[in-house]
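Down below is the structure, laid out as structure tokens.
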Amino acid sequence: MGCELPDYQSKNGQIFAVSKNGTEVPVGIKGVNWFGMETGLAIPFGLWENMDNGTSVYEIAAFLARNKFNSIRLPVCIKNILNNTPPEKTLINVNTNRAINITSYMAALETIVEALGYRHITVMISLHTLDTKKSGGAWYSDELDVTEDQFLEAVDILTKNLCSSKYWNIIGLDLKNEPYQCSWGGKAPDWQEGSTKIGNRMLEGCPNWLAFVEGIGSGGTVTVGSRTAPYYDWWGAGLEDAGANPTKLTVSNKLVWAPHYYNTGVYPAWYLYASTGTVGASGAFSSYVELDDEELRSNVETTMDIMFGYLLGVDTNSAMVMGEFAGLYAKDAHPKLTTKRTTDYTIEVMLKAGYAGGYMWSLNPESAYQYNPADTYGTFTEGLLEDDWLTPNKVFLEGMAALNDVKDLKMFPCFPQEVSSSSSSG
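Position one of the sequence shown corresponds to residue 1 (UniProt numbering), numbered consecutively onward.
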């Protein structure tokens, strides 16, 4: 027996897996980001298992399932898809990862997805980077030599190869990671137009999948407490104009809002502090005063709402899933742990407002952050796994346990079907 490819739907603010016979199962998401495939190495990091460190796809899947994680956001690179770039062989132990085929990019992607499916871990593929060295702030770029047609061709390659019951655990695509150079409904590149075009192209090739849509990188003015000042979106957070002018998909119940929201490890935003000194060349503050719990919680909620959270009251159908959040956590050097608390309150807001879950950044211990604390610029790394890729980061893991309260959190269902000898589409 295998699993049929469900019709994944986004409606009533939740994600549903819908079987061919009409069975509907709501599923909340407790997810992680696992990066590496979007780089020139063309493979998720950590799979080099040796005597000292590294792991296998089976170990990662088992670790996630044990801790109630049910989904992985897997960043990929458009040029790697178009060129079918084989993974860097030295970064995988093929003996302990026998299920993974590294002859080509698509073969690696297919076999990683299949291996995760055995543990009922779903995959949301993030169209993350245009080029292995530069992400690109839109879905096309003259500088990076990627046209809109090439981007859409990469979408076609994914739907053609992956939209089948063999890969029943792919729930959809994040249509472009952090399109920060775009407008929303304004001058080109316009991400309202781009997300509509890419989402509909995906649905032509795979009507079963969901379209995860991020925001841009704009900003506005916000009032927190007695202070009113300009703010800038976290890249991917800017959905301020999406309520009045949403992504328009040809198939209903397919849109998932997937914004990003970070903490002070990425940038010490002024609204996450009671007061700050002058800003240096690096972006670090000369001094800072931390907020108490109540004020910080309130400021996180206010800024999440103004950037994207308000959509839950405007578009009452589409689910809201955080595509990236968290970051630095256990290593927070603030005396009152402002970085860690910001992530804790992000999850509190998600739960209170009824988000359908989120993907924490990230599983990888190489995840790097620049500010720790707000007056210190440098490189600080932390992930859900410690540097050996085997030991869980206990404090971070315990913090993410708050996501266990996401509504309808469970492993995604396998709707059984007979597997014919000639492999077929779902």
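Built from N, CA and C at the ideal position, the CB exists for glycine as well. Remember, predicted model here, so these are calculated numbers, not experimental data.
By the neighbour-count criterion, in which a residue is buried when 16 or more other Cβ atoms sit within 10 angstroms of its Cβ, PRO230 is exposed. Distance check between ASP305 and each of ASP233, TYR329, GLY357, LEU328 places ASP233 closest, using alpha-carbon atoms only. In the three-state DSSP reduction, TRP257 falls in the strand class (E or B). Annotation for ASN263: GLY327, THR339, THR342, THR343 place their beta carbon closer than 6 Å to its own, counting only its chain and skipping 5 residues before and after. As computed with DSSP, ILE170 is found in a beta bridge with VAL123. According to DSSP, residue pairing for LEU74 in a beta bridge involves ILE125. Contact annotation, GLY46 with ASN364: C-beta distance approximately 7 Å; criterion of less than 8 Å satisfied. Here DSSP, grouped into helix, strand and coil, assigns MET37 to coil. If the five residues before and after PHE63 are omitted, its C-beta is found closer than 6 Å to no C-beta atom of its own chain. Of the residues HIS128, GLY117, ALA188, ASN200, the one whose Cα lies closest to the Cα of LYS166 is GLY117. For TYR345, the secondary structure class from DSSP, reduced to helix, strand or coil, is helix.
For the pair ASP332 and TYR288, the Cα-to-Cα distance works out to about 15 Å. Under the rule that a run must span 3 or more residues, the beta strand (DSSP E) segments found entirely inside the region 178-265 read 210-213, 219-224, 227-232, 255-257. For LYS11, the secondary structure class from DSSP, reduced to helix, strand or coil, is strand.
Cβ-Cβ separation between ILE171 and MET124: approximately 5 Å, consistent with a contact (criterion under 8 Å). Within its own chain, the residues whose Cβ lies closer than 6 Å to the Cβ of LEU130, once the five positions on either side in sequence are excluded, are ILE78, GLY136, SER141, LEU144, VAL146, listed in chain order. Within the same chain, Cβ atoms closer than 8 Å to the Cβ of GLY309 are found at GLU301, MET320, VAL349, ALA353, the five residues on either side in sequence being excluded. C-alpha of ILE15 to C-alpha of GLY277: approximately 44 Å in a straight line. In the DSSP annotation of this structure, the continuous segment of the beta strand (DSSP E) that includes ALA326 starts and ends at 322-326.
Contact check for SER10 against ARG73 fails: the beta carbons are separated by 8 Å or more. With fewer than 16 other CB atoms across the displayed protein chains lying within 10 angstroms of its CB, ARG227 is exposed. When secondary structure is reduced to three states using DSSP, ILE29 falls in the strand class.
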